[in-house]
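Chains A and B supply the protein sequences, listed in that same order.
According to my numbering, the residues represented by the first sequence are 18 to 410, in order.
According to my numbering, the residues represented by the second sequence are 18 to 410, in order.
Here the structure comes first, spelled out in structure tokens, and everything after it is commentary.
Number of protein chains: 2
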Amino acid sequence: MKVNGHVCPVELTVLQCAASRHRLSVPNSTSKPDESRPKTRRAGDAPTLADVARAAGVSKMTASLALNGSQNSVRVSAVTRERVMAAAEQLRYRPNPIARALSSKRTNTIGFITTLMGEKPNAYLLEVFGGVIQGAMAAQRTTTVFTLGSWDEAPTRIPAWCDGRVDGIIVLAPRLEDAEEAWLLERTPIVTVHASGNWRMGSVNFEADDEAGAYEMVQRMFALGHRNILHVGGPVGFPSADRRVEGYLRAHAAVGLTPTPVLRVPFNTAGGAEGMEDWLQRHRGQPLPEAVFGGSDAIAVGCMETLEARGLDIPRDISVVSFDHTWLGRTLHMAAVRQPLHEMGQQAVEVLVQLIEASGAEPYAGPRNIVLLPEIVMGRTLAEPHRAPLLIA
Amino acid sequence: MKVNGHVCPVELTVLQCAASRHRLSVPNSTSKPDESRPKTRRAGDAPTLADVARAAGVSKMTASLALNGSQNSVRVSAVTRERVMAAAEQLRYRPNPIARALSSKRTNTIGFITTLMGEKPNAYLLEVFGGVIQGAMAAQRTTTVFTLGSWDEAPTRIPAWCDGRVDGIIVLAPRLEDAEEAWLLERTPIVTVHASGNWRMGSVNFEADDEAGAYEMVQRMFALGHRNILHVGGPVGFPSADRRVEGYLRAHAAVGLTPTPVLRVPFNTAGGAEGMEDWLQRHRGQPLPEAVFGGSDAIAVGCMETLEARGLDIPRDISVVSFDHTWLGRTLHMAAVRQPLHEMGQQAVEVLVQLIEASGAEPYAGPRNIVLLPEIVMGRTLAEPHRAPLLIA
DNA sequence: TTGAAAGCGCTAACAT
DNA sequence: ATGTTAGCGCTTTCAA
Numbered sequence: 018m019k020v021n022g023h024v025c026p027v028e029l030t031v032l033q034c035a036a037s038r039h040r041l042s043v044p045n046s047t048s049k050p051d052e053s054r055p056k057t058r059r060a061g062d063a064p065t066l067a068d069v070a071r072a073a074g075v076s077k078m079t080a081s082l083a084l085n086g087s088q089n090s091v092r093v094s095a096v097t098r099e100r101v102m103a104a105a106e107q108l109r110y111r112p113n114p115i116a117r118a119l120s121s122k123r124t125n126t127i128g129f130i131t132t133l134m135g136e137k138p139n140a141y142l143l144e145v146f147g148g149v150i151q152g153a154m155a156a157q158r159t160t161t162v163f164t165l166g167s168w169d170e171a172p173t174r175i176p177a178w179c180d181g182r183v184d185g186i187i188v189l190a191p192r193l194e195d196a197e198e199a200w201l202l203e204r205t206p207i208v209t210v211h212a213s214g215n216w217r218m219g220s221v222n223f224e225a226d227d228e229a230g231a232y233e234m235v236q237r238m239f240a241l242g243h244r245n246i247l248h249v250g251g252p253v254g255f256p257s258a259d260r261r262v263e264g265y266l267r268a269h270a271a272v273g274l275t276p277t278p279v280l281r282v283p284f285n286t287a288g289g290a291e292g293m294e295d296w297l298q299r300h301r302g303q304p305l306p307e308a309v310f311g312g313s314d315a316i317a318v319g320c321m322e323t324l325e326a327r328g329l330d331i332p333r334d335i336s337v338v339s340f341d342h343t344w345l346g347r348t349l350h351m352a353a354v355r356q357p358l359h360e361m362g363q364q365a366v367e368v369l370v371q372l373i374e375a376s377g378a379e380p381y382a383g384p385r386n387i388v389l390l391p392e393i394v395m396g397r398t399l400a401e402p403h404r405a406p407l408l409i410a
Numbered sequence: 018m019k020v021n022g023h024v025c026p027v028e029l030t031v032l033q034c035a036a037s038r039h040r041l042s043v044p045n046s047t048s049k050p051d052e053s054r055p056k057t058r059r060a061g062d063a064p065t066l067a068d069v070a071r072a073a074g075v076s077k078m079t080a081s082l083a084l085n086g087s088q089n090s091v092r093v094s095a096v097t098r099e100r101v102m103a104a105a106e107q108l109r110y111r112p113n114p115i116a117r118a119l120s121s122k123r124t125n126t127i128g129f130i131t132t133l134m135g136e137k138p139n140a141y142l143l144e145v146f147g148g149v150i151q152g153a154m155a156a157q158r159t160t161t162v163f164t165l166g167s168w169d170e171a172p173t174r175i176p177a178w179c180d181g182r183v184d185g186i187i188v189l190a191p192r193l194e195d196a197e198e199a200w201l202l203e204r205t206p207i208v209t210v211h212a213s214g215n216w217r218m219g220s221v222n223f224e225a226d227d228e229a230g231a232y233e234m235v236q237r238m239f240a241l242g243h244r245n246i247l248h249v250g251g252p253v254g255f256p257s258a259d260r261r262v263e264g265y266l267r268a269h270a271a272v273g274l275t276p277t278p279v280l281r282v283p284f285n286t287a288g289g290a291e292g293m294e295d296w297l298q299r300h301r302g303q304p305l306p307e308a309v310f311g312g313s314d315a316i317a318v319g320c321m322e323t324l325e326a327r328g329l330d331i332p333r334d335i336s337v338v339s340f341d342h343t344w345l346g347r348t349l350h351m352a353a354v355r356q357p358l359h360e361m362g363q364q365a366v367e368v369l370v371q372l373i374e375a376s377g378a379e380p381y382a383g384p385r386n387i388v389l390l391p392e393i394v395m396g397r398t399l400a401e402p403h404r405a406p407l408l409i410a
């Protein structure tokens, strides 16, 4: 098979253009899950506990006890256990987790609910997700991902996932109202991240102290000598964006400085780039700010783009700092308020596990709202302000 | 509660330092999944099919048939169906997916196996993952993530996950030998991504034509006037890295140019930055390459870092192009060979579903190795070569 | 058109 | 120390 003038090595290879979105369909394949298949037990099927028990010459329950090692010393004699384990080994027995889940009402799986991590991955979300799967691994659980097309679907779809397939769920809630069908949620513990007070009580919420982080960062910049700092914040109505603005303002109030009016843009690179460009054009001839404080990594990167496109050097001519310090910010060595997103994900799992294991007798007694403190990270994009004030071209 | 001089609004709030990794433990919580709980049916439990049937005055199976809508017109009369559905609605009945899975041997879940997406997210991996969950959503399945500490664990842990909890799995295999316990895999369909020939036959593999992509990109650069292109490739032994080098070399051979010897570095930013710095120091006084071709986004970003730190302007003084065009490359508007990672993830799910639904009677008849064609993306980091040749300082 | 009954593979009370 | 028995909630023959 020849493509672009060279030969592909593998015989069965099929080359196709990715952009064509060509469906590789075989004749009778439906995209809907199949609901009907035969289920007579065939010889090739996986061995069950019964097979092991039979092979070891004991009953199913003895086999179960021997294998699960629970009730350690008492229930099963050493020789019996030995025999059972040998049989299991020999048959290559693997317990069926579905059957176990049905019987024990525990799937050992936690759900992670997110909006589509599509073509345009959300760095913030991915960061938390990384923490979640790491936490899940540490807690000996697996993570299943439920994808929401948009947050509008949340009230109807989230309860539908609380149907026993997971022991508990973690919800990343940028902003979320009370679920209408809260009745179902009562059976499935939930931990939210960044659902600042919007979610029903009874669950546990994680958030970062955005306000304090922004306050601290602006103070640091003041200490470096900056006086004219432009804050390009996220959209109005996002609690976290709003709180960052508050921190920015409070820092100014604390030292008696009049803040430059805040710019609000969407939480993405284009938002930062276009907002910045627009702002610069509206302030032509006026002094260039000494620094820009982006409301997120993406916003800050967008701002940098615009500034650099105008020939400005960062941080010589103007400093740029950001919020979050996700992988994007780290890669670019940006100065930022680091929000402990990864830790949030990990700790969310820890708390969720506690919630799951809390029986009626010993209810969860920990905190209901957990606020992590952000930290200031210095980087290559922040320096002392430019000596001679620059004007906006 | 006061922190950093301001008051937190929520009463139950607990502030904690993220870096402390403090365990929020409640007294009797074990991290191991709990194995023992009572299971007598209490009034507050979720309604079952039996409850619905009783409420509707029919048998369980009639209820099941009525609700699942299978055997559409024949089996159940319209009135009965109506009554059953009303009862279900009224009881807020939700079918238990675990029970369904046990009975039907279908979980409608696909597994995604990956190494830890930890603090240092792998852009490549995340890109594919985004495609997978999107594909899964389209196919009405959920995705469960299995995390591998390192690839060494693959041969033992992957088979352990083929125990029925998922209908099939997708494996991102940078390099992977034959699984020793392949016997188990026979029951669970597998689609690999980038497992170029290393994995057992019988599964389906996806890959991109790295060689052709690199060839094409170098040709484009030749067309722009570049003659001295340094390829900073990924580590020796990674099939994809090796094939990119081959494409680079073939492009030179095609036009009769002698290629600059290839540099091989780790697949990350530090690799690119340090490799580049080292190379420049070893070639002091010699002509600066007109362009650098990074073996991945991360490598290219690292190279750019080093070059810009030396005061070089990209692309005026030197062009930089990369491979992959993941989110990092897109954010920075880099010129690159775009590998269709997202599409790979999506299509991997489509094929996996076909594999799952292929019964013994109608086995999967599609291709076993699917090669997607990369495409060239122009960007801000690639321009015509610098007129006056520069020397390495 | 509907019902009764037998699993799916495992866990857990209750005997022995 | 081990076996018996009864579910978990659903699907699916097999009768009626």
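Even glycine gets a Cβ: it sits at the ideal position worked out from N, Cα and C.
Nearest-angstrom Cα separation, counted from Asp180 (chain A) out to Glu374 (chain A): By 1-based counting over the first sequence, the position of residue 374 (chain A) is 357. By 1-based counting over the first sequence, the position of residue 180 (chain A) is 163. So the two alpha carbons sit approximately 18 Å from each other.
Starting from Ala308 (chain B), follow its DSSP beta bridges and name the residues at the other end. Residue 308 (chain B) sits at position 291 when you count from the first residue of the second sequence. The partner list for Ala308 (chain B) (beta bridge, DSSP) reads B:Ile246, B:Ser336.
Going along the chain, which residues of its own chain have a beta-carbon closer than 6 Å to the beta-carbon of Pro406 (chain B), five neighbours each way excluded? Indexing the second sequence from 1 puts residue 406 (chain B) at position 389. Correct list, in chain order: Pro304.
Check Glu401 (chain B) in the structure and name its three-state DSSP category. Taking the second sequence and counting its residues from 1, one reaches residue 401 (chain B) at position 384. Of the three classes helix, strand and coil, the one that applies to Glu401 (chain B) here is coil, per DSSP.
Please name the residue, chosen from A:Pro176, A:Pro256, A:Val253, A:Phe146, that lies closest to Thr205 (chain A) on a Cα-to-Cα basis. Taking the first residue of the first sequence as 1, we reach residue 205 (chain A) at position 188. Answer by Cα proximity: A:Pro176.
Using 8 Å as the Cβ pair cut-off and three pairs as the minimum, do the region 273-280 of chain A and the region 248-265 of chain A touch? The region 273-280 of chain A, when compared against the region 248-265 of chain A, does touch it at the 8 Å Cβ threshold.
When you compare the region 109-123 of chain A with the region 329-342 of chain A, are there three or more beta-carbon pairs, one atom per stretch, that lie closer than 8 Å? no
List the endpoints of the continuous beta strand (DSSP E) containing Leu390 (chain B). Locating residue 390 (chain B) in the second sequence gives position 373, where the first residue counts as 1. Element bounds for Leu390 (chain B): 386-390.
Sort B:Ala67, B:Phe310, B:Cys320 by Cα distance to Asn113 (chain B) and report the nearest one. Residue 113 (chain B) sits at position 96 when you count from the first residue of the second sequence. Of the listed residues, the one whose Cα sits closest to Asn113 (chain B) is B:Ala67.
Answer yes or no: do Ile115 (chain A) and Ile115 (chain B) have a C-beta to C-beta separation smaller than 8 Å? Position 98 of the first sequence, counting from 1, holds the residue named residue 115 (chain A). Position 98 of the second sequence, counting from 1, holds the residue named residue 115 (chain B). Their beta carbons are under 8 Å apart, which means Ile115 (chain A) touches Ile115 (chain B) by this criterion.
So does the region 290-304 of chain B actually touch the region 230-244 of chain B, counting three or more Cβ pairs closer than 8 Å? no
Given a threshold of 16 other Cβ atoms within 10 Å of its Cβ, counted over all protein chains shown, does Asn222 (chain B) qualify as buried or as exposed? Translated into positions along the second sequence, residue 222 (chain B) becomes position 205. Burial call: buried.
Taking beta-carbon pairs under 9 Å, can you tell me which members of the region 99-119 of chain B lie near chain A? Arg109, Arg111, Pro112, Asn113, Pro114, Ile115, Ala116, Ala118, Leu119
Per-residue contacts from Asp330 (chain B) into chain A (C-beta, under 8 Å): Taking the second sequence and counting its residues from 1, the one referred to as residue 330 (chain B) is at position 313. Near Asp330 (chain B) there are no residues of chain A at all, since even the closest Cβ is about 10 Å away, more than 8 Å.
Mapping the DSSP letters down to three states, classify Val188 (chain B) as helix, strand or coil. For the purposes of this step, residue 188 (chain B) is taken as residue 171 along the second sequence, with counting starting at 1. Looking at Val188 (chain B) - three-state DSSP - the assignment turns out to be strand.
For Pro402 (chain B), does the count of other Cβ atoms within 10 angstroms reach 16, so buried, or fall short, so exposed? Against the second sequence, residue 402 (chain B) aligns to sequence position 385. The residue is buried, with at least 16 neighbouring Cβ atoms inside 10 Å.
Once you ignore the five residues that flank Phe284 (chain A) on each side, which residues in its own chain have a CB closer than 6 Å to its CB? Translated into the one-based positions of the first sequence, residue 284 (chain A) becomes position 267. Answer for Phe284 (chain A): Gly251, Ser313, listed in chain order.
What is the DSSP secondary structure of Gly362 (chain B), counted as helix, strand or coil? For the purposes of this step, residue 362 (chain B) is identified with residue 345 of the second sequence, where counting begins at 1. Helix, per DSSP.
Mind reading off the beta-carbon distance from Ala104 (chain B) to Ala72 (chain B)? Whole number of angstroms is fine, and I expect it under 8 Å. Counting from 1 along the second sequence, the entry for residue 104 (chain B) is found at position 87. Counting from 1 along the second sequence, the entry for residue 72 (chain B) is found at position 55. Confirmed, about 4 Å.
Give me the chain A residues within the contact set of Ala63 (chain B), using Cβ-Cβ distance strictly less than 9 Å, ordered along the chain. As a working mapping, residue 63 (chain B) is identified with position 46 in the second sequence. By Cβ distance, chain A contributes Asp180, Gly181, Leu201, Arg204.
Of all Cβ atoms in chain A, is any one closer than 8 Å to the Cβ of Met321 (chain B)? Within the second sequence, residue 321 (chain B) is the residue found at index 304, counting from 1. Chain A places no beta carbon closer than 8 Å to that of Met321 (chain B), leaving this residue out of the contacts.
Strictly below 9 Å CB to CB, what residues from chain B border Leu345 (chain A)? Working through the first sequence from its first residue, we reach residue 345 (chain A) at position 328. Neighbours of Leu345 (chain A) on chain B, chain order: Trp344, Leu345, Thr348.
What residue range does the alpha helix (DSSP H) around Thr85 (chain B) cover? The residue labelled residue 85 (chain B) in the question sits at position 68 within the second sequence. Contrary to the premise, residue 85 (chain B) reads as Asn rather than Thr in this sequence. 77-85 is the extent of the alpha helix (DSSP H) around Asn85 (chain B).
Can you tell which of A:Gly166, A:Glu144, A:Asp184, A:Leu274 has the C-alpha that lies nearest to the C-alpha of Thr159 (chain A)? In the first sequence, the residue the question calls residue 159 (chain A) occupies position 142. Checked all of A:Gly166, A:Glu144, A:Asp184, A:Leu274; the closest Cα to Thr159 (chain A) is A:Asp184.
Please name the residue or residues paired with Glu224 (chain B) in a DSSP beta bridge. Indexing the second sequence from 1 puts residue 224 (chain B) at position 207. Paired residue(s): B:Val388.
Using a Cβ cut-off of 7 Å, pull out every chain B residue sitting near Val318 (chain A), in sequence order please. To locate residue 318 (chain A), count along the first sequence from 1; it is residue 301. What Val318 (chain A) touches in chain B: Thr348.
Considering only their Cβ atoms, is the gap separating Thr126 (chain B) from Thr161 (chain A) smaller than 8 Å? Reading the first sequence from its first residue, position 144 is the one you call residue 161 (chain A). Reading the second sequence from its first residue, position 109 is the one you call residue 126 (chain B). Yes, they are a contact pair.
Let me check one thing: in DSSP terms, what residues is Thr132 (chain A) bridge-paired to? The residue given as residue 132 (chain A) occupies position 115 in the first sequence. The partner list for Thr132 (chain A) (beta bridge, DSSP) reads A:Leu165.
Residues bridged to Arg11 (chain B) by DSSP? No answer is possible for residue 11 (chain B): the residues shown for chain B start at 18 and end at 410.
In angstroms with no decimal places, state the Cα-to-Cα distance between Gly264 (chain B) and Val354 (chain B). Counting from 1 along the second sequence, the entry for residue 264 (chain B) is found at position 247. Counting from 1 along the second sequence, the entry for residue 354 (chain B) is found at position 337. Cα to Cα, Gly264 (chain B) sits roughly 12 Å from Val354 (chain B).
Name the residue from A:Glu325, A:Leu408, A:Ser376, A:Glu379 whose alpha carbon lies nearest to the alpha carbon of Thr398 (chain A). Taking the first sequence and counting its residues from 1, one reaches residue 398 (chain A) at position 381. The shortest Cα separation from Thr398 (chain A) among A:Glu325, A:Leu408, A:Ser376, A:Glu379 belongs to A:Glu325.
Quick one: what does DSSP say Ile331 (chain A) is sitting in, helix, strand or coil? Walking along the first sequence from the start, residue 331 (chain A) turns up at place 314. Of the three classes helix, strand and coil, the one that applies to Ile331 (chain A) here is coil, per DSSP.
At 8 Å on the CB atoms, spell out the chain B contacts of Thr286 (chain A), in chain order. Position 269 of the first sequence, counted from the start, is the residue given in the question as residue 286 (chain A). In chain order: Thr348.
List the endpoints of the continuous beta strand (DSSP E) containing Thr209 (chain B). The residue you call residue 209 (chain B) lines up with position 192 of the second sequence. For Thr209 (chain B), the uninterrupted beta strand (DSSP E) segment begins and ends at 207-210.
Beta-carbon spacing of His211 (chain B), Glu228 (chain B) below 8 Å: Counted from its first residue, the second sequence places residue 211 (chain B) at position 194. Counted from its first residue, the second sequence places residue 228 (chain B) at position 211. No, Cβ-Cβ distance for His211 (chain B) and Glu228 (chain B) is not below 8 Å.
Rounded to whole angstroms, what is the Cα-Cα separation between Ala382 (chain B) and Ala365 (chain B)? Sequence index remark: in the second sequence, residue 382 (chain B) carries index 365 (1-based). Sequence index remark: in the second sequence, residue 365 (chain B) carries index 348 (1-based). Distance between the alpha carbons of Ala382 (chain B) and Ala365 (chain B) is about 15 Å.
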